[in-house]
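When we follow the numbering used here, the leftmost residue of the sequence shown carries the number 5, and every step to the right adds one. Comments concern the structure below.
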Amino acid sequence: MESIASRKIPKARIKKIKTHPRQKKKKQGINVTVEPDYKKLYEESPNLQRTINKDGIIIACNQSYARSLGYSKNEIIGKSIFVHVAKKSLEAMRDSFETWKRFGSVENKEVIFQRKDGTTFPVLISATNIYDNDDKLIGSNTIIRDITDIYYQRKRLQENQEQMKYQYYQIKKINDLLTITEKRYRTLYDKTPVLLRTITTEGVLTDCNEAYAKALGYTKKEAAGMSIYDHAAKRSINDMKNNFETWKRTHETQSSEIWLKRKDGSVFPTLLSGTSLYDEHGKLIGRTLALTDMTEIYEARSKLELNQHQLREHYEKLQKLDSLKNDFLTMITHELKTPLVPIKGYIDILLSGNLGALNEEQKKRVEIIRSSTNSLLKLVSDLLDAQKIELGVLKMSKDVHDLAEIIRNAVNRMKPNLDRRGITITTDLEESMPFLCDSVRIEQVLTNLIANSLDFCPKQDGRIQIKLFVENGNAKIIVKDNGAGISKESLDKIFVKFYQIDTSITREHGGTGIGLSVCRGLVEGHGGKIWAESEGLNKGTEMHILLPKF
Numbered sequence: 005m006e007s008i009a010s011r012k013i014p015k016a017r018i019k020k021i022k023t024h025p026r027q028k029k030k031k032q033g034i035n036v037t038v039e040p041d042y043k044k045l046y047e048e049s050p051n052l053q054r055t056i057n058k059d060g061i062i063i064a065c066n067q068s069y070a071r072s073l074g075y076s077k078n079e080i081i082g083k084s085i086f087v088h089v090a091k092k093s094l095e096a097m098r099d100s101f102e103t104w105k106r107f108g109s110v111e112n113k114e115v116i117f118q119r120k121d122g123t124t125f126p127v128l129i130s131a132t133n134i135y136d137n138d139d140k141l142i143g144s145n146t147i148i149r150d151i152t153d154i155y156y157q158r159k160r161l162q163e164n165q166e167q168m169k170y171q172y173y174q175i176k177k178i179n180d181l182l183t184i185t186e187k188r189y190r191t192l193y194d195k196t197p198v199l200l201r202t203i204t205t206e207g208v209l210t211d212c213n214e215a216y217a218k219a220l221g222y223t224k225k226e227a228a229g230m231s232i233y234d235h236a237a238k239r240s241i242n243d244m245k246n247n248f249e250t251w252k253r254t255h256e257t258q259s260s261e262i263w264l265k266r267k268d269g270s271v272f273p274t275l276l277s278g279t280s281l282y283d284e285h286g287k288l289i290g291r292t293l294a295l296t297d298m299t300e301i302y303e304a305r306s307k308l309e310l311n312q313h314q315l316r317e318h319y320e321k322l323q324k325l326d327s328l329k330n331d332f333l334t335m336i337t338h339e340l341k342t343p344l345v346p347i348k349g350y351i352d353i354l355l356s357g358n359l360g361a362l363n364e365e366q367k368k369r370v371e372i373i374r375s376s377t378n379s380l381l382k383l384v385s386d387l388l389d390a391q392k393i394e395l396g397v398l399k400m401s402k403d404v405h406d407l408a409e410i411i412r413n414a415v416n417r418m419k420p421n422l423d424r425r426g427i428t429i430t431t432d433l434e435e436s437m438p439f440l441c442d443s444v445r446i447e448q449v450l451t452n453l454i455a456n457s458l459d460f461c462p463k464q465d466g467r468i469q470i471k472l473f474v475e476n477g478n479a480k481i482i483v484k485d486n487g488a489g490i491s492k493e494s495l496d497k498i499f500v501k502f503y504q505i506d507t508s509i510t511r512e513h514g515g516t517g518i519g520l521s522v523c524r525g526l527v528e529g530h531g532g533k534i535w536a537e538s539e540g541l542n543k544g545t546e547m548h549i550l551l552p553k554f
């Protein structure tokens with residue numbers, strides 16, 4: 005762009021100035037004759053004009069010059085030209101002045117002037133030389149143009165150019181980044197193991213990645229231009245059409261299972277998903293689809309379905325076997341219990357002496373038979389109860405009973421056995437606690453728990469304590485002993501049917517592991533909970549029962 009300094013201002017050369025008879029002025033040693041017309045032009049010129057001698061002293065100026073700098077003409081005449089130059093241009097002005105004195109030429113010199121009030125403005129200086137009669141340079145007539153508008157336009161232009169350069173750099177940077185990103189995504193598109201294809205709104209392939217072409221047995225060049233229906237298995241043509249039409253209508257790709265057809269005619273399952281493509285005006289132009297090969301998943305699914313079918317068959321067989329087992333257990337317990345009842349009756353008659361007196365040895369033997377019969381009868385009863393609980397057919401006869409009375413009955417039933425073992429039992433019972441229950445079954449639970457404590461308490465100094473109280477509106481029963489205790493690992497297992505704690509005491513007293521499972525079934529049948537607490541082996545056990553009051 006053309007600079008301000010390159011714009012030439014025509015100069016006039018006054019080689020010799022002679023004295024005019026009508027008008028003569030003498031200023032600072034220079035005789036200058038001024039024609040009236042020239043003087044008027046000089047004074048009224050919109051350009052700033054001044055006349056200086058060779059020493060840089062102003063000997064004349066026009067009104068525009070004085071007004072622009074904020075001085076009167078009288079304040080200006082006789083002052084150095086450097087008084088009106090801003091500090092930032094002083095050095096350049098001095099260089100130009102010295103150059104003018106040596107070579108007599110100043111053209112379009114850009115300088116910053118300073119007004120009387122200290123403000124500055126840019127000007128363009130061109131000097132017309134003044135010579136004496138001997139062609140000696142004695143001064144100059146300087147034309148000064150205020151170029152403030154041009155200066156700031158140029159400054160804005162420069163700023164705009166800098167801004168454009170910066171924007172160009174940023175755009176180039178973004179473009180380079182986009183190029184790099186495009187290459188990366190192109191590489192990602194081509195090399196990803198997922199099958200990718202790009203199609204038009206007519207369903208024509210415009211691009212695909214290597215995995216897609218390889219999976220279908222085509223080259224990328226062969227695949228381009230083919231219809232999506234060329235690659236769809238017959239079974240998925242309708243699904244593909246529905247998916248395609250829905251996408252064109254909603255611009256959304258619904259994930260769906262699609263079977264693809266290879267070049268050799270074989271088919272395989274895929275899961276289709278995708279994203280829509282738009283032009284710069286937001287018009288739908290196509291979509292990129294990702295098709296995940298689901299062959300392995302389908303094979304695994306088939307194996308899973310086969311396994312499920314086999315498991316179902318095994319389960320049905322096990323159910324039949326379990327049903328047969330339950331029927332057998334029910335039958336065998338009934339059959340075992342049937343002869344035990346009369347046996348127990350005859351033993352009681354023998355011990356009563358109604359059939360004749362027994363000697364001590366006979367009584368001792370019969371007592372052993374009675375004890376064994378009672379144990380066997382209890383085992384059979386527990387087995388029968390456990391079976392009924394498991395099948396959900398155990399019947400209960402519920403009525404309102406006093407829990408404290410039920411507990412006392414259980415204690416009295418077990419008292420002879422406790423006394424024989426030298427075990428002390430104490431009770432702390434809250435009275436008048438009515439409870440809707442099957443009193444026989446609750447007493448059965450308590451008798452079972454007392455019997456367990458009896459078996460595991462130490463001889464001579466064994467202690468059992470039973471408490472009954474109200475807790476949060478529920479009846480709480482605790483049966484506590486100072487017996488062998490239970491390990492932390494076994495606390496949750498002791499209520500499982502047939503589970504037995506492996507201890508010397510267990511081996512000594514025997515047991516089937518049925519009693520506590522029956523207790524749990526009976527308590528839960530009343531809507532309650534039962535659990536055990538123990539600090540560990542040889543630290544005693546607490547059996548907790550929580551029953552809801554009606």
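For every residue, glycine included, the Cβ atom is placed at its ideal position computed from N, Cα and C. These numbers come from a predicted model, not from an experiment.
Query	Result
Boundaries of the alpha helix (DSSP H) in which residue 135 is found, first to last residue	Run containing residue 135: none in the alpha helix (DSSP H); it sits in the beta strand (DSSP E), 124 to 135.
Start-end ranges of the beta strand (DSSP E) lying completely within the stretch 414 to 457, minimum 3 residues	428 to 433, 438 to 441
Residue nearest to residue 3 in terms of C-alpha spacing, selected from 84, 382, 95, 71	For the chain, the structure presents residues 5 to 554; residue 3 sits outside this window and is missing.
Three-way DSSP call (helix, strand, coil) for residue 548 in this model	strand
Beta-carbon proximity list for residue 393, same chain, < 6 Å, skipping 5 on both sides	525
Identity of the residue in 275, 292, 274, 133 nearest residue 281 by Cα	292
Rounded straight-line distance, which links the Cα of residue 487 to that of residue 545	7 Å
Simplified DSSP assignment, three categories, for residue 461	coil
Delimiting residues of the alpha helix (DSSP H) encompassing residue 271	Segment 271 to 282 is the beta strand (DSSP E) holding residue 271; no alpha helix (DSSP H) there.
Buried or exposed (CB count within 10 angstroms, at least 16 for buried), residue 389	buried
Residue 80 - containing alpha helix (DSSP H), residue span	77 to 80
Sheet register partners of residue 117 (DSSP bridge)	89, 125
Residues bridged to residue 484 [DSSP beta-bridge criterion]	469, 546
Alpha carbon of residue 150 to alpha carbon of residue 67, nearest angstrom	14 Å
Other residues of its chain near residue 421: CB distance less than 7 Å, five sequence neighbours each side excluded	458
Nearest-angstrom Cα separation, counted from residue 361 out to residue 534	47 Å
Residue 447 vs residue 413 beta-carbon contact at 7 Å	yes
Cut-off 7 Å between Cβ atoms - residues of its own chain near residue 351, not counting five sequence neighbours on either side	370, 373, 374, 377
7 Å CB neighbourhood of residue 99 in its chain, flanking five on each side removed	none
Segment contact, 8 Å Cβ cut-off, at least three pairs: the stretch 163 to 176 with the stretch 86 to 104	no
Assigned secondary structure, residue 143 (DSSP; H/G/I helix, E/B strand, else coil)	strand
Strand pairing of residue 303, partner residues [DSSP]	DSSP output for residue 303 lists no bridge partner at all.
Inter-residue Cα distance where the pair is residue 163 and residue 156	10 Å
Rounded separation between residue 368 and residue 409 - CA only	34 Å
Nearest neighbour of residue 465, chosen from 190, 482, 426 [CA to CA]	426
Anticipated Cβ contact below 8 Å, residue 273 with residue 298, distance rounded	4 Å
Validate contact between the stretch 242 to 261 and the stretch 217 to 231 using beta carbons, cut 8 Å, 3 pairs	no
Burial state of residue 65 (16 or more Cβ within 10 Å)	buried
Per-residue burial, residue 401 [other beta carbons within 10 Å of its own, 16 or more giving buried]	exposed
Sheet register partners of residue 535 (DSSP bridge)	548
Neighbour-count burial assignment, residue 27, 16 or more Cβ in a 10 Å radius	With a pLDDT of only 35 at residue 27, under 50, the local geometry of the prediction cannot be trusted, and no value is derived from it.
Residue from 233, 305, 147, 286 with nearest C-alpha to residue 62	147
Nearest neighbour of residue 202, chosen from 128, 384, 322, 232 [CA to CA]	232
Residue 325 versus residue 484 - alpha carbon distance	41 Å
Own chain partners of residue 279 with C-beta closer than 8 Å, once the 5 adjacent residues on each side are dropped	257, 291, 292
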